[in-house]
Amino acid sequence: MTSPNRRQLLTGGAGLAGAAALSLGASPALASPTAYAPSVNDPKRKVTPGADVAAASGWSVLKGRKVGVITNPTGILLNLRSIVDEMHDSGAVDIRGVFGPEHGFRGTAQAGEAEDTYVDERTGLTVYDAYGANTAKFASMFRAAGVDTVVFDIQDVGARFYTYIWTMYTAMKAAVETGATFVVLDRPNPIGGTAYGPMMTEPWTSGVGAEAIVQAHGMTVGELARFLNVEILPSDTGGRRLPKVEVVEVKGWRRDVTYAGTGLPWVMPSPNMPTPDTALVYPGTGMFEGTNLSEGRGTTRPFELIGAPYVDHKWADRLAGRDVAGVAFREAYFTPTFNKHVGKVCGGVQVHITEPSAIDPVLVGVEMLVAAKSLYKDFQWRYDTYDPARPYWIDKLTGSTRLRDQITAGADVATVVGAWKDELAKFDAARQPYLIYGGPAR
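Residue numbers (mature numbering (1 follows the signal peptide of the UniProt record, and there is no 0)): -31 to -1, 1 to 411.
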């Protein structure tokens, strides 16, 4: 299907973290009243990303292939070097082209932007602008580069409206068209392996949710690619799919372990995703992109600082009384330097992580939305002037008009969250055959 890309739809710009990092931002004053066992990876099981597994084999999985690489600054080895630089310098991989997603291969672009096609100074390789590319454009780029194998290595954050997974899916469709094989160098899902939230529905698909998966899919990109290849892709390609999605698996990761427990270095997947804590709350607080509140862009803690000029202390007080699992809310004031409410003092909250393994990020976002809507007459849903037939951005983020309709009508949190219980259970059952990694699940 053809979906509007995020560049057209957005307005205004859309160290090693070891086990000790689990306690960051959780001072005694913010401690959750419930005691949770922390989800930290077994120290005897070192977490090794798929890229490092492939590199340790001398890139044997890519031997004799004409390779195109879809990656960004998160595509690194444990030595912190880009996989493209390592592949190129090793001489073991015949790289025919690099394909840069939103924000670009080297990460120079802001939200809703990309790097134009250029020749990379370090490697001499052509880097193609793949952000917003449809299937035909991807196929054309693959043919121009002369690739027979497409490699995907990007750190996802687990949210349906984070665009990298749709870059991957479009590239998979193009690989079907060109006959290329598809290889995923897998990485952990930084928010763990549990699925949360509502399902995308067909009338509301877009560049921030192209297909029917739930809001926090709970899969690694390798698992998701396997799921999409069988469950979704044939309906978009006349019944065809890839013969196989080759996944170079992460070693030592359990799906109940969030990123801070992996011991892996965190590289910002995008300019507004600075920490693993940001990723943990993003599937919920990202919904504030669909309102007139600032989602914290233009601050040092985007998606953790949320507010608006009309918000006062009552919001933090209301949320603090809700005892939301895994998080605490601090009254906060900030002045965004870009995006919404530039140069204006915003009242609001900072979401603090108290227990990563206890968080349902979509529930957190709903708690915040319901409270804000009930407290402030100035609260508004963001109107999308680019798409007058589907004007509310929140509907594209949540997959239907349901959440907006319910909150506007004054529904409580239990009603809003309960509305997707059955569809979430159905999705969770459908994804089971494609999961790779084990571990306890809540």
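All C-beta atoms, glycine included, are put in the ideal place defined by N, C-alpha and C. Values in this document were obtained by computation on a predicted structure and should not be read as measured data.
- Here DSSP, grouped into helix, strand and coil, assigns Val216 to strand.
- For Ala380 and Arg351, the gap between their C-alpha atoms comes out near 19 Å.
- Out of Glu336, Gly276, Asp286, the CA that lies nearest to the CA of Gly295 is found in Glu336.
- Uninterrupted alpha helix (DSSP H) stretches at least 4 residues long and entirely within the stretch 249 to 308 occur at 282 to 289, given in chain order.
- Rounded to whole angstroms, the separation of the alpha carbons of Met56 and Ile64 is 8 Å.
- Under the DSSP assignment, Met188 falls outside any alpha helix (DSSP H); it carries neither an H nor an E label.
- A direct Cα-to-Cα measurement between Asn158 and Thr231 gives close to 10 Å.
- A Cβ-Cβ contact shorter than 9 Å links Val183 with Gly166.
- One Cα belongs to Ser29, the other to Ala23, and the distance between them is close to 7 Å.
- Taken atom to atom, the span from the alpha-carbon of Lys342 to that of Gln349 is near 8 Å.
- Distance from Thr104 to Glu146 at the Cβ level is roughly 6 Å; contact confirmed, criterion being Cβ atoms closer than 8 Å.
- Burial state of Asp292 is exposed, judged by a 10 Å Cβ sphere holding fewer than 16 other Cβ atoms.
- The stretch 187 to 194 and the stretch 382 to 390 do not touch, with fewer than three beta-carbon pairs separated by less than 8 Å.
- At a Cβ-Cβ threshold of 9 Å, Val16 and Leu233 count as neighbours.
- Annotation for Ala144: Phe111, Val119, Thr150, Phe151, Leu211 place their beta carbon closer than 8 Å to its own, counting only its chain and skipping 5 residues before and after.
- In the DSSP assignment, Arg65 falls within the beta strand (DSSP E) that extends over 63 to 69.
- His310 counts as buried, since no fewer than 16 other beta carbons sit within 10 angstroms of its beta carbon.
- For Gln319, the closest of Asp281, Lys346, His186 by C-alpha to C-alpha distance is Asp281.
- Residue environment analysis places Arg209 among the exposed positions, since fewer than 16 neighbouring C-beta atoms fall within 10 angstroms of its C-beta.
- The beta carbon of Asn48 lies closer than 6 Å to none in the same chain, with the five residues before and after it left out.
- Given a length threshold of 3 residues, each whole run of the beta strand (DSSP E) inside the stretch 28 to 114 is given here in chain order: 35 to 40, 63 to 69, 95 to 98.
- Following the DSSP letters along the chain, one finds Thr150 inside the beta strand (DSSP E) bounded by residues 150 to 154.
- The continuous stretches of alpha helix (DSSP H) do not include Met242, and DSSP gives it neither H nor E.
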